[in-house]
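As given, the protein sequences belong to chains S and R, one line each in that order.
Numbering-wise (this note's numbering), the first sequence opens with residue 1 and increments by one.
Numbering-wise (this note's numbering), the second sequence opens with residue 1001 and increments by one.
By construction, the Cβ of each residue, glycine as well, lies at the ideal position given by its N, Cα and C atoms.
All of these numbers come straight from a predicted model, not from anything done at the bench.
Beneath this line is the structure, given in structure tokens, with notes to follow.
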Amino acid sequence: GIQVEQSPPDLILQEGANSTLRCNFSDSVNNLQWFHQNPWGQLINLFYIPSGTKQNGRLSATTVATERYSLLYISSSQTTDSGVYFCAVKADGFQGGSEKLVFGKGMKLTVNP
Amino acid sequence: DGGITQSPKYLFRKEGQNVTLSCEQNLNHDAMYWYRQDPGQGLRLIYYSQIVNDFQKGDIAEGYSVSREKKESFPLTVTSAQKNPTAFYLCASSIRPAISSGANVLTFGAGSRLTVL
């Protein structure tokens, strides 16, 4: 099946710094979602972005489907950005929707005040 | 506010006991999902349901059972057959199933943490 790799696995930042999280996948995809899991376990969907670029406040994401990667940018990081960021993808060529999503292992971000 | 409610938040179980985790949504979503999360790992799909009275096994269904008698509710039972049930369990939903579009964006509940003593 499709492989999903996220990097870096851990990142520690000072408040105000910028960061880039990367998600590599082994096959073409038609569904890609980024999630943030806060320290209490709640997951929030950040972006649905199988291709192209989207922005939402300090966060933006770009998926280059032809090169099989997606990037999540966090600008002017805040302590509330701490947590684990997951990328989840669904391989193209399969029927179905989010039940076919494969999650990466996540990237832990710690933002210090 | 619309959302997904999972209960209980924390649950302790003795070996050999079945436990049921509740998941209720008021988003009017058709599809619902149960995931398991282990430390340092991504989420793995246990079961999903695309419509009332129908559900499908995910990647790790052994030792688990579900029902979907109402659109709003998708309870998960962790049976005594599950060899290693200690984990964090997450319920999710999406507007429509079986297509790849923005309607498949997952909304998650706050999770239930099960510990087997």
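Its Cα nearest to that of G104/S, the residue L1045/R stands out among L1045/R, A1061/R, Q1050/R.
R58/S counts as exposed, since fewer than 16 other beta carbons sit within 10 angstroms of its beta carbon. Between S1007/R and M1032/R, the C-beta gap is not smaller than 9 angstroms, which leaves the two residues out of contact. A Cβ of chain S is located within less than 9 angstroms of the beta carbon of A1031/R.
Counted as a single uninterrupted DSSP element, the beta strand (DSSP E) harbouring N31/S occupies residues 29 to 37. Chain-ordered, the chain S residues with CB closer than 7 angstroms to the CB of G1042/R read F86, F103, G104, K105, G106. Judged by beta-carbon spacing, G1063/R lies within the 9 angstroms limit of P1085/R, meaning their Cβ atoms are closer than that value. Counted as a single uninterrupted DSSP element, the beta strand (DSSP E) harbouring N24/S occupies residues 19 to 25. Close partners of L1045/R in chain S (Cβ separation under 7 angstroms): E99. Here T66/S carries a helix assignment [DSSP, helix/strand/coil]. Burial state of V64/S is exposed, judged by a 10 Å Cβ sphere holding fewer than 16 other Cβ atoms. Taken through DSSP and simplified to helix, strand or coil, K100/S comes out as helix. Here the C-alpha atom of G106/S lies approximately 8 angstroms from the C-alpha atom of E5/S.
If you draw a straight line from the Cα of W1034/R to the Cα of A1081/R, it is about 18 angstroms long.
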